[in-house]
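As you go down the protein sequences, you meet chains R and E in turn. Take the first sequence: its letters are residues 1 to 232, numbered as in UniProt numbering. Take the second sequence: its letters are residues 1 to 232, numbered as in UniProt numbering. Ideal placement from N, C-alpha and C gives every residue a C-beta, glycine not left out. Computed from a predicted model, the values in this text were never measured in an experiment.
There are 2 protein chains.
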Amino acid sequence: MNEQHIVTGFDRDLEAIQAQVMKMGGLVEAAILDASKSLKNQDEELAEQVRSADKQIDELELLINDECATVLALRAPTAVDLRVVLSVMKIAGNLERIGDYAKNMAKRTTVLVHMTPVDGARGALRRMAREVQLMLNDVLDAYIQRDAELAQNVLERDKEIDQMYNALFREFLTFMMEDPRHISPCMHLHFIAKNTERMGDHVTSIAEQVIYLVTGEFPDEARPKATKYEVD
Amino acid sequence: MNEQHIVTGFDRDLEAIQAQVMKMGGLVEAAILDASKSLKNQDEELAEQVRSADKQIDELELLINDECATVLALRAPTAVDLRVVLSVMKIAGNLERIGDYAKNMAKRTTVLVHMTPVDGARGALRRMAREVQLMLNDVLDAYIQRDAELAQNVLERDKEIDQMYNALFREFLTFMMEDPRHISPCMHLHFIAKNTERMGDHVTSIAEQVIYLVTGEFPDEARPKATKYEVD
Chain R
1 MNEQHIVTGF DRDLEAIQAQ VMKMGGLVEA AILDASKSLK NQDEELAEQV RSADKQIDEL
61 ELLINDECAT VLALRAPTAV DLRVVLSVMK IAGNLERIGD YAKNMAKRTT VLVHMTPVDG
121 ARGALRRMAR EVQLMLNDVL DAYIQRDAEL AQNVLERDKE IDQMYNALFR EFLTFMMEDP
181 RHISPCMHLH FIAKNTERMG DHVTSIAEQV IYLVTGEFPD EARPKATKYE VD
Chain E
1 MNEQHIVTGF DRDLEAIQAQ VMKMGGLVEA AILDASKSLK NQDEELAEQV RSADKQIDEL
61 ELLINDECAT VLALRAPTAV DLRVVLSVMK IAGNLERIGD YAKNMAKRTT VLVHMTPVDG
121 ARGALRRMAR EVQLMLNDVL DAYIQRDAEL AQNVLERDKE IDQMYNALFR EFLTFMMEDP
181 RHISPCMHLH FIAKNTERMG DHVTSIAEQV IYLVTGEFPD EARPKATKYE VD
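Here is the structure:
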């Protein structure tokens, strides 16, 4: 970094926006952890909290979009500065979607509490969610520190999430074949697993943005998202 | 419209970008129709075409993003002009996601061909996809004509898609309970239904962008997306 970097109005604006992104990231991480905890412990009250907390996440995205638009209009950034502002908007969009998936997990928890319990899967789902939360934590660090290597590391970890999902998918099929009473709850658990895997995809998108921001190019396996929606 | 509107460099740039968005929209509409046709007719060859055509859609999104960034850097638009450029980027993002869902439908079609057939659902799935394609067609017209009323109409039609999905969900549950051999194919068919419903959500997002563009405000039921991921 250039020690003699002159702090401009743009820098100050950007710093304020980035602080909002970090705040949003913290809320989304909490939502993932709380939603998976509520699922594991069948805690309807905590699930309800996750659902209502999602409003704040949505509002932060709108705020960040507004602030980015203001910066674009007032500062007319170019080159790297422009790239940063556009990345921030995309990252906020990814965070909002991850928050939505966490909220959906909480909603399904509320329904699952009243169904025939399915043993075993909840622990694995919680581990999967925990791993996604750690990836999100790392990718936000990578963003703030402009650390392309850490972002690349997050990208690679997404494979593990996909493997966890595939194992769960097979487990759910077995449960459903064994006992028809498992079909309804397993449909919900399967969606939770799929949505958690999609959270991983959005974390991956953020990692790609970070790499693009630092290197000016998308990673080699550019847009893995495009090949991501594999049939289980 | 102001008849004496002076055509600026910005207008010309924007027109070129909007033409790319329309092209992208046309490809996505074709992908939805072809994917649902391949599912209905168990046509593996057509499914394969949908999968390979998705690359072009992804490339168009990257191109549109690049061109928008160039316009932001060179023209430094403000107010309404800035809003239009930011909307275009969001709309291209929505189109790319819809294209991904169509590709996923094609992938699952390839798998379903080799499974125990499930009667009845394919026709309903095709009707649902057809309705989403019509909504997409209308919302792109609404975008080009800056027609907030038509966009609002599209927004409202999304409820029908949700109802179609709910009916299919119950049907799949019944099929699975009746015969365990239906469980695997119904898991795939259910995903196709859910993904089609999500295509509808992305069309809805575009409709919201159009309304925002014309009126400067998001529609009353702002961000229905946020409340959209209901438990079936």
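Item	Value
Runs of alpha helix (DSSP H) wholly within the UniProt domain "PhoU" (22 to 109) of chain E (minimum 4 residues, chain order)	44 to 75
Whole-Å CB distance - residue 116 of chain E paired with residue 182 of chain E, under 8 Å assumed	7 Å
C-beta atoms of residue 94 of chain E and residue 195 of chain E nearer than 8 Å	no
Test: residue 184 of chain R CB closer than 8 Å to a CB of chain E	yes
Host alpha helix (DSSP H) of residue 160 of chain R (start-end)	148 to 178
Contact between the segment 203 to 217 of chain E and the segment 209 to 222 of chain R (3+ Cβ pairs under 8 Å)	no
Chain R residues whose Cβ lies nearer than 7 Å to that of residue 180 of chain E	177
C-alpha gap between residue 49 of chain R and residue 32 of chain R, whole angstroms	12 Å
Residue 21 of chain R beta carbon less than 8 Å from that of residue 91 of chain R	yes
Proximity below 8 Å, CB of residue 71 of chain R to CB of residue 13 of chain R	yes
Whether residue 73 of chain E touches residue 82 of chain R by CB criterion (8 Å)	yes
Cβ-based neighbour list, residue 75 of chain R, same chain, cut-off 6 Å, excluding 5 preceding and 5 following	10
Contacts of residue 69 of chain E in chain R (Cβ-Cβ under 8 Å)	82, 83 and 86
Buried or exposed (CB count within 10 angstroms, at least 16 for buried), residue 52 of chain E	exposed
CB of residue 42 of chain E within 8 Å of CB of residue 113 of chain E, strictly	yes
Interface partners of residue 73 of chain R on chain E, CB under 9 Å	76, 77, 78, 79 and 82
Chain R within 8 Å of residue 173 of chain E, Cβ atoms only	yes
Assigned secondary structure, residue 114 of chain R (DSSP; H/G/I helix, E/B strand, else coil)	coil
Among R:46, R:107 and R:118, nearest to residue 236 of chain R - alpha-carbon criterion	The first residue shown for chain R is 1 and the last is 232, placing residue 236 of chain R beyond what the model contains.
Through-space distance from residue 184 of chain E to residue 193 of chain E, alpha-carbon basis	15 Å
Cutoff 7 Å; reference residue 209 of chain R; Cβ partners in own chain excluding five residues on either side	87, 90 and 91
Proximity to residue 106 of chain R [Cα-Cα], best of R:18, R:206, R:136 and R:38	R:38
N- and C-terminal bounds of the alpha helix (DSSP H) containing residue 185 of chain E	183 to 215
Contact belief for residue 128 of chain E with residue 164 of chain E at Cβ below 8 Å, rounded distance in angstroms	5 Å
Contact check, residue 25 of chain E vs residue 132 of chain E, beta carbons under 8 Å	no
Euclidean distance between Cα positions of residue 189 of chain R and residue 159 of chain R	20 Å
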